[in-house]
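First the structure, in the form of structure tokens, and then the observations on it.
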Amino acid sequence: MFHSSSLLPSLVHFVSITQSSSTNTPRVNFTETSNNSGRVIVDEPNRTNGKSLSRSLPCIGSTCFCGRRRFMEAATATAFFPICPASASQSDSLSDYASILKRVHPPRPDWYEEFYALVLNTGMKSYEEEIAGYKSELFANLKGKGGKVLEIGIGTGPNMGYYAGNNGVEVIGIDPNRKMEKYAKAAAMDAGLPFPNFKFIQAVGEAIPLDDASVDAIVGTLVLCSVKDVNLTLKEAKRVLRPGGLYLFVEHVAAKDGTSLRFIQSVLDPLQQTVADGCHLTRETGKNIFEAGFSYVQLNMAFLSNASLISPHVYGIASK
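Sequential numbering from 1339 applies to the sequence shown in the working numbering.
Shown next, in the form of structure tokens:
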């Protein structure tokens, strides 16, 4: 895997974008702070459809952990199938969700799913150490609120520790790989989350098997890079989220246009989709979230040293 650290300056880059339903013009603050000199540079945001939207070159991590996928999957790669969004009338039909699950994530051999889950459970530790500060900042918004939280693409449960100490919280985790369940449950137990307060459901973000306005918060970390349909997943998230509920996200995104890293990402993107379970290197996920129709969006970008090719990240909070 090519490492992009030689292309990137040693910077910590913070970008904040805030969109409020009370105004058509979001507030945008760009601050770039150098680790070496302490310089502060104010950048100008790109414009997309009249809205301010950042597209910079942030980096996190030293190894490719794209979309929770790391190893060859070409033999089991699947073609795109049309996906029908779940409506309120479909919420009670498990067969509808099961049908969509099979189309989006056709069954793999048990040994493969197990091996896949094992690799993710043991191979993400250094990444989680890098991102911990940002996640702690986000999850602080859930502290003391309890309620029901949906985590899309929960995987092996790397976020379980952030729910610890939040009395009364109930976590529902969905993931298309059933073999993730035992690892997620073990992570919940290690974090001190009571057994009855965690439920794993085999499902995909494009068809969430929950009723409308049924959860208080939604969490998604490294998942929108590899879902079949980003906009549909966000639409489903909004559907099941209660009014005023929060959506917490951490996602890797495309590098800034015109940079060497963006060029390399564009060249390698087709290969990445093949070997990393449909993960895209050049998705502008921040734009998708920003334009998804949330009443409020706070979008941040982080740029860390010792970064890899799959490094640009957005993280933040949206409110329904």
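Glycine residues also receive a C-beta, built at the ideal position from the N, C-alpha and C atoms. Here the structure is a predicted model, which means the values were calculated and not measured.
Going by DSSP in three states, Met-1639 sits in which element: helix, strand or coil? Under the three-state reduction of DSSP output, Met-1639 falls in the strand class.
What residue does the alpha helix (DSSP H) around Pro-1608 start on, and which one ends it? 1598-1613
Does the ligand NAD have a heavy atom nearer than 7 Å to the CB of Lys-1473? Among the ligands in the structure shown, none appear at all, so the ligand NAD cannot be discussed.
By DSSP, does Phe-1632 sit in helix, in strand, or in coil? coil
For Leu-1560 versus Ile-1602, is the C-beta distance shorter than 8 Å? no
Beta bridge counterpart(s) of His-1651 as assigned by DSSP: For His-1651, which the question treats as bridged, DSSP gives the partners His-1590, Ala-1640.
With a threshold of 7 Å on Cβ separation, who are the neighbours of Ile-1627 within its own chain once the five nearest residues in sequence on each side are excluded? Sequence-distant Cβ neighbours of Ile-1627 in its own chain, meaning closer than 7 Å and more than five residues away, are Leu-1572, Phe-1587, Val-1635, Leu-1637, Ala-1656.
For Ile-1627, three-class secondary structure by DSSP: helix
Could you spell out where the beta strand (DSSP E) holding Phe-1536 opens and where it closes? 1536-1540
Where Thr-1494 falls, given that 16 or more other Cβ within 10 Å makes a residue buried: buried
Since I believe Ile-1512 is in contact with Ile-1539 (beta carbons under 8 Å), could you give me their beta-carbon distance rounded to a whole number of angstroms? 5 Å
Cβ-Cβ separation, Val-1542 to Val-1578 (assumed contact under 8 Å), whole Å: Wrong, their Cβ atoms sit about 13 Å apart, outside the cutoff.
The beta strand (DSSP E) that contains Gly-1461, what's its start and end? Gly-1461 -> not in any beta strand (DSSP E); alpha helix (DSSP H) instead, spanning 1448-1461.
Have a look at Asp-1550 and Asn-1515 and give me their C-alpha separation to the nearest angstrom. Their Cα atoms are separated by approximately 24 Å.
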